[in-house]
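*Asks:*
There are 2 protein chains.
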Amino acid sequence: MTAHIYTAFDEELKYLMRRISEMGGLAEQMVGESVRALVNSDAALAQKVISDDVIMDNAEREVGDKAIVTIAKRQPMAADLREIIGALRIASDLERVGDLGKNNAKRVMAVQGTGVPRKLARGIEHLSELAMTQLKEVLDVYTTRSAEKAKSIRDRDEEIDAIYTSLFRELLTYMMEDPRNITTCTHLLFCAKNIERIGDHATNIAETIYYMATGAQPEGERPKDDTTTAFGVAD
Amino acid sequence: MTAHIYTAFDEELKYLMRRISEMGGLAEQMVGESVRALVNSDAALAQKVISDDVIMDNAEREVGDKAIVTIAKRQPMAADLREIIGALRIASDLERVGDLGKNNAKRVMAVQGTGVPRKLARGIEHLSELAMTQLKEVLDVYTTRSAEKAKSIRDRDEEIDAIYTSLFRELLTYMMEDPRNITTCTHLLFCAKNIERIGDHATNIAETIYYMATGAQPEGERPKDDTTTAFGVAD
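First to last, the sequence lines map onto chains Z and V. For the first sequence, the UniProt record's numbering assigns the number 1 to the initial residue and increments by one for each residue that follows. For the second sequence, the UniProt record's numbering assigns the number 1 to the initial residue and increments by one for each residue that follows.
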């Protein structure tokens, strides 16, 4: 951040940063808890994640309102303006991560009857650990504003996609083995896809941080889609 | 829009509106074509949708860049600032709609081997017609800026959710009847979910237009999640 004459403006930027960090912490927690609830069929924990989503929604709205007021009042230029627009974008990505955590939590009740097979549970846990690590790292980078690190996180989404693809394959196999697995495995497919999308949002945030730091978009195509879309019926 | 001293500013706002309308038209087209490609196993049309996504990505970036430059240069207040922030948000929703169309197009090749059963194809078409109507209407409201109409579109997402839920149920039934349907039906499940999400983005846009017109968020909870998350194994 550059030096300002108005210290009140610094306070406003700090407020935005603090709220974003809080949202990030809550998003991480919601993702972790939703997967724990799923794996342990813990309906109470799932319910907690569902209620926490209201906090996220309100936080996004408050960040949005504050951002607009700050732009209108301070009329910031260049880096300061990017700072505020970036906060808006990151808040929106974090709110979506919260939604995805909530969506997974809602599926806990649906799979409770059968429980989640141990092997699939481990796959989901592994996938969510990767997504949470990515989210955690990107939030650390938000504090340091390293364009270099932001770019390296963005370029690393492929690991999550690879795990997601192998989990997708395994879920299809379970379904084919026994039709009684179909409903549970369908919910787990959506859970896995939700976690893969959490990784996408972490990648979005990394791109936003890069933009905040440099004023540019990172170079090079970014793999935004998973590879399971190409799975033919012969698989 | 209020009257400005700078007609150059009006030009900039008009540029943003025009680009948003173009993006909206392309998004609609991509959604329609991806479903047509899916239902007719038309790989060439699917490929066209996939390439069109690059145009959407570039358009979103250009709207973003223009929005930032306009804020920095003109330092707009109140309604004008909301106009620009709103354009940013709508461009982001439309870009996501394009992604979802592309994702559906990518699945065309995967289901080509078996084709899509007629009854399921009709379900997907019906769902996509509703989503496209919602998208079309919301883009019309973007031109007229009627807060009233924006709110009524936002409150109407439930029809899409109902159709999605019945399609979800039907897809599960097909899978259970014959394990050879599982891979195709899994892709169709994701296609249906993608279309349901397109409806969500139309709803987001309606909320943004309401905000642009009034400076406030529409009152009342909005049903953001589909109801299939609660489908137990007994279904």
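No residue lacks a Cβ here, since even glycine has one placed at the ideal position from N, Cα and C.
Name the chain Z residues whose beta carbon is nearer than 7 Å to that of V:P117?
*Replies:* Going along chain Z, no residue has its Cβ under 7 Å from V:P117, so there is no contact; the nearest lies around 13 Å.
*Asks:* Count the C-beta pairs between the stretch 29 to 46 of chain Z and the stretch 59 to 66 of chain Z that are closer than 8 Å, then say yes if the count reaches three, no if not.
*Replies:* With the cut-off at 8 Å, the stretch 29 to 46 of chain Z and the stretch 59 to 66 of chain Z do not touch.
*Asks:* At a Cβ cut of 7 Å, what residues of the stretch 164 to 185 of chain Z count as close to chain V, listed as they run along the chain?
*Replies:* Of all residues in the stretch 164 to 185 of chain Z, L172, M175, M176, P179, I182, T183 and T184 have a Cβ within less than 7 Å of some Cβ in chain V.
*Asks:* Could you check what DSSP says for V:T114 in three-state terms: helix, strand or coil?
*Replies:* coil
*Asks:* Could you please tell me which residues of the stretch 98 to 128 of chain Z, in chain order, have their CB closer than 8 Å to any CB of chain V?
*Replies:* D99, K102, N103, K106, R107, M109, A110, V111, Q112, G113 and T114
*Asks:* At a Cβ threshold of 8 Å, is Z:T229 touching chain V?
*Replies:* yes
*Asks:* Is Z:S72 close to chain V, meaning its C-beta is less than 8 Å from at least one C-beta of that chain?
*Replies:* What sits at residue 72 of chain Z in the sequence shown is Ala, not Ser. By this cut-off, Z:A72 is an interface position.
*Asks:* Residue 246 of chain Z to V:E28, Cα distance in whole Å?
*Replies:* This structure does not reach residue 246 of chain Z, given that chain Z is present from 1 up to 235, and the question cannot be answered.
*Asks:* For chain V, find out if any of its Cβ atoms is closer than 8 Å to the Cβ of Z:M77; answer yes or no.
*Replies:* yes
*Asks:* Could you give the DSSP three-state label for V:A216: helix, strand or coil?
*Replies:* Note: V:A216 maps to coil in three-state DSSP.
*Asks:* Taking only beta-carbon atoms, is V:L81 less than 8 Å away from chain A?
*Replies:* Absent from the structure is chain A; the protein chains it does hold are Z and V.
*Asks:* Any C-beta of chain Z within less than 7 Å: which residues of the stretch 49 to 66 of chain V qualify?
*Replies:* Residues of the stretch 49 to 66 of chain V whose Cβ lies closer than 7 Å to any Cβ of chain Z, in chain order: R61.
*Asks:* Given 8 Å as the limit, is there contact between the stretch 12 to 28 of chain V and the stretch 193 to 201 of chain Z, that is, 3 or more CB pairs closer than that?
*Replies:* no
*Asks:* Of the residues that make up the stretch 187 to 221 of chain V, which ones have a beta carbon closer than 8 Å to any beta carbon in chain Z?
*Replies:* H187, L189, F190, K193 and Q217
*Asks:* What is the rounded straight-line gap between the Cα of V:V116 and the Cα of V:F190?
*Replies:* So the two alpha carbons sit approximately 14 Å from each other.
*Asks:* By alpha-carbon positions, which one of V:C185, V:I85 and V:K149 ends up nearest to V:R118?
*Replies:* V:C185
*Asks:* So with Cβ pairs under 8 Å, would you call Z:I90 a contact of chain V?
*Replies:* no
*Asks:* Here's the rule: buried if 16 or more other CB atoms are within 10 angstroms of the residue's CB, otherwise exposed. What is V:T7?
*Replies:* exposed
*Asks:* Roughly how many angstroms separate the alpha carbons of Z:A216 and V:E62, rounded to a whole number?
*Replies:* Their backbone Cα atoms lie some 12 Å apart in a straight line.
*Asks:* Pairs of beta-carbons, one from the stretch 172 to 183 of chain Z and one from the stretch 174 to 183 of chain V, closer than 8 Å: are there three or more?
*Replies:* yes
*Asks:* So for Z:T227, helix, strand or coil by DSSP?
*Replies:* Z:T227 falls in the coil class under three-state DSSP.
*Asks:* List the residues of chain V whose Cβ lies closer than 8 Å to the Cβ of Z:I68, in chain order.
*Replies:* L81, R82 and I85
*Asks:* Thinking C-beta only, is V:D93 closer than 8 Å to V:I195?
*Replies:* no
*Asks:* Just checking, does the stretch 10 to 20 of chain Z make contact with the stretch 75 to 94 of chain Z on the three C-beta pairs under 8 Å criterion?
*Replies:* yes
*Asks:* Distance, Cα to Cα, Z:V35 vs Z:H126?
*Replies:* About 10 Å.
*Asks:* For V:D235, which residues in the same chain have their Cβ closer than 6 Å to its Cβ, ignoring the five residues on either side in sequence?
*Replies:* With a pLDDT of 38 at V:D235, under the threshold of 50, the modelled position of that residue is not reliable, and the figure given next carries that caveat. Excluding positions up to five away in sequence, the list is empty.
*Asks:* How big is the Cα-Cα spacing for V:L100 and V:S51?
*Replies:* 13 Å
*Asks:* Where do the N-terminal and C-terminal ends of the alpha helix (DSSP H) with V:N181 fall, by residue?
*Replies:* That residue, V:N181, is in no alpha helix (DSSP H); it is neither H nor E in DSSP.
*Asks:* For the alpha helix (DSSP H) containing V:N58, list its first residue and its last residue.
*Replies:* A43 to R74
*Asks:* Select from Z:Y164, Z:I163 and Z:V141 the residue whose C-alpha is nearest the C-alpha of Z:I153.
*Replies:* Z:V141
*Asks:* What is the DSSP secondary structure of Z:S146, counted as helix, strand or coil?
*Replies:* coil
*Asks:* When burial is assigned at 16 or more other CB atoms within 10 Å of the CB, is Z:V138 buried or exposed?
*Replies:* Around the C-beta of Z:V138, 16 or more other C-beta atoms lie within 10 Å, and the residue is accordingly described as buried.
*Asks:* Note down, in chain order, each residue of its chain lying with its Cβ closer than 8 Å to the Cβ of Z:I71, except the 5 sequence neighbours on either side.
*Replies:* L81 and I84
*Asks:* Under the three-state reduction of DSSP, which class applies to Z:N104: helix, strand or coil?
*Replies:* helix
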